Amino acid sequence: MPSSPRSAARRANQKKIIDGTETMQTKTTGCGCFQPNGRLVSPEIMFDGTDTTNSSYGDVTLSRCQDCSTVWLRFFIEYEWFARSGRWYRAPVPAELVSDVTAENAIQILNTLEPRFAGGSHFNSNGFETKALVDLRP
720 MPSSPRSAAR RANQKKIIDG TETMQTKTTG CGCFQPNGRL VSPEIMFDGT
770 DTTNSSYGDV TLSRCQDCST VWLRFFIEYE WFARSGRWYR APVPAELVSD
820 VTAENAIQIL NTLEPRFAGG SHFNSNGFET KALVDLRP
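Counting in the working numbering, the sequence shown runs from 720 upward without gaps.
Below, the structure is given as structure tokens:
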């Protein structure tokens, strides 16, 4: 029985992900990690650091979802002396930018990526899609 055009396209996308030639357009957005409050499936941590610029001390993580192979950049910050100040931002990173990510430029890169998600006690939210820039103000 011949395969449907949809399953053929899915196999082509999977091959691109496996051989490393993927772009954001070829990755599946049907994975749960693309939901605003979604979780990466068994994330592989590729980078974990602290942004010390402007004394922000935000946690920066670059990880890959094991389900769809999407690489995600996540920035988390909270100010212990301010109630409900915790917030996170995350966005998928195109393959050509992955090697450029550092703790010091994470915010700059995050502000250029879409879709971008945010959440945390500062927003009183488990997650939502946003076009707003990363906000470090307590």
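Quick reminder that beta carbons are idealized off the backbone N, C-alpha and C, glycines included.
Predicted model, so just to flag it, every value in this text is computed and none were measured.
Where Ala825 is concerned, there is no enclosing beta strand (DSSP E), although the alpha helix (DSSP H) around it starts and stops at Ala825 to Leu829. Under DSSP, Ser774 forms no beta bridge with any residue.
The three-state secondary structure of Ala851, taken from DSSP, is coil. Taking a 10 Å sphere around the C-beta of Leu816, we find fewer than 16 other C-beta atoms and assign the residue as exposed. Pairing Gly805 with Gly839 gives a Cβ-Cβ distance under 9 Å. Within the same chain, and ignoring the five residues on either side of Ser844 in sequence, the residues whose Cβ sits closer than 7 Å to its Cβ are Gly838. Annotated three-state conformation of Leu816 is helix, per DSSP. Secondary structure at Gly757: coil, using DSSP grouped into helix, strand and coil. Distance from the Cα of Thr748 is smallest, within the candidate group Tyr776, Pro811, Ile828 and Glu799, for Pro811. Counting C-beta atoms within 10 angstroms of its own C-beta, Tyr808 has 16 or more neighbours from the protein chains shown and is therefore classed as buried.
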